[in-house]
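J.: Input: one structure, supplied below.
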Amino acid sequence: MLPSTATPDASPQPRIESLSAITLATRDMSRAVSFYEALGFPLKYGGPHDAFTSFAFGGSYLNLIVDMRAPVNWWGRVIIYVSDVDALYRKAVAAGLKPSLEPSDAPWGERYFHITDPDGHELSFARPLR
Numbered sequence: 151m152l153p154s155t156a157t158p159d160a161s162p163q164p165r166i167e168s169l170s171a172i173t174l175a176t177r178d179m180s181r182a183v184s185f186y187e188a189l190g191f192p193l194k195y196g197g198p199h200d201a202f203t204s205f206a207f208g209g210s211y212l213n214l215i216v217d218m219r220a221p222v223n224w225w226g227r228v229i230i231y232v233s234d235v236d237a238l239y240r241k242a243v244a245a246g247l248k249p250s251l252e253p254s255d256a257p258w259g260e261r262y263f264h265i266t267d268p269d270g271h272e273l274s275f276a277r278p279l280r
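Letter 61 of the sequence shown, counting from 1, is numbered 211 in the working numbering, and no numbers are missing.
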């Protein structure tokens with residue numbers, strides 16, 4: 151733990167409260183929107199023919215932006231909690247999507263599966279086991 155730098159007469163320090171949005175680059179908005187809609191993400195703004203699209207869920211947003219300069223070798227993972235990991239996995243498979251692994255229980259206490267979107271962004275859908 152880092153030592154506190156606050157002094158008794160100092161005003162309170164700002165704190166990080168929540169994650170508002172994740173924005174991912176896409177080279178093909180129509181293809182990306184189809185992928186996220188197949189998983190059940192609710193469209194909030196934009197759509198397949200727009201340069202910017204937002205999906206709202208759980209008080210946060212997953213945004214897509216068309217960017218032809220998006221790096222090809224970028225890697226990251228967005229972890230999203232869902233109510234039923236296995237049901238979402240079945241929905242993805244039924245929609246013709248290809249998760250990289252079946253749902254499994256992790257030693258850190260989550261049930262999860264991974265899937266990669268058409269632009270190479272890895273998503274993990276998870277739920278705490280407790």
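Using N, Cα and C, we set each Cβ at its ideal position, and we do this for glycine too.
Bridge partners of E272, per DSSP?
T.: Sequence index remark: in the sequence shown, residue 272 carries index 122 (1-based). In DSSP, E272 forms a bridge with R227 and T266.
J.: Are the segment 239–247 and the segment 192–202 touching by the rule of at least three beta carbon pairs closer than 8 Å?
T.: no
J.: Quick check on this structure: which residue in L279, D267, R165 and S170 has the alpha carbon closest to the alpha carbon of R227?
T.: The count along the sequence shown starts at 1 and reaches residue 227 at position 77. Residue D267 is the option with its Cα nearest to R227.
J.: A188 and A245: beta carbons closer than 7 Å?
T.: As a working note, residue 188 is residue 38 in the sequence shown. As a working note, residue 245 is residue 95 in the sequence shown. It is a contact, given that the beta carbons lie within the stated cut-off.
J.: To the nearest angstrom, report how far apart R277 and M218 are at their CA atoms.
T.: On the sequence shown, residue 277 is found 127 positions in, with the first residue counted as 1. On the sequence shown, residue 218 is found 68 positions in, with the first residue counted as 1. Using only the alpha carbons, I get a separation of about 34 Å.
J.: Which stretch, first to last residue, makes up the alpha helix (DSSP H) that contains F185?
T.: The residue labelled residue 185 in the question sits at position 35 within the sequence shown. Run containing F185: M179 to A188, per the alpha helix (DSSP H) assignment.
J.: If distances are taken between C-alpha atoms only, which option among A206, H271 and G259 comes closest to P249?
T.: For the purposes of this step, residue 249 is taken as residue 99 along the sequence shown, with counting starting at 1. Measuring from the Cα of P249, the nearest candidate turns out to be H271.
J.: Identify the residues that DSSP records as bridge partners of S204: which are they?
T.: The sequence position of residue 204 within the sequence shown is 54, counting from 1. DSSP, once it has assigned bridges, lists Y195 and N213 as partnering S204.
J.: Just to confirm the assignment, what range does the beta strand (DSSP E) spanning A171 have?
T.: In the sequence shown, counting from the first residue as 1, residue 171 sits at position 21. That run of the beta strand (DSSP E) goes A171 to T176.
J.: Of the choices S161, I265 and L279, whose alpha-carbon is the least far from that of I229?
T.: Counting from one through the sequence shown, the residue named residue 229 turns up at place 79. Answer by Cα proximity: I265.
J.: Mind checking whether P192 and A206 have CB atoms under 7 Å apart?
T.: Numbered from 1 along the sequence shown, position 42 holds the residue referred to as residue 192. Numbered from 1 along the sequence shown, position 56 holds the residue referred to as residue 206. Taking C-beta atoms as the reference points, P192 and A206 count as a pair closer than 7 Å.
J.: Could you check how far apart the C-beta atoms of D269 and T176 are, in whole angstroms? I think they sit under 8 Å.
T.: Counting from 1 along the sequence shown, the entry for residue 269 is found at position 119. Counting from 1 along the sequence shown, the entry for residue 176 is found at position 26. So it is a contact: roughly 5 Å between Cβ atoms.
J.: State yes or no: is the C-beta of R261 within less than 7 Å of the C-beta of L273?
T.: Position 111 of the sequence shown, counted from the start, is the residue given in the question as residue 261. Position 123 of the sequence shown, counted from the start, is the residue given in the question as residue 273. Contact: no.
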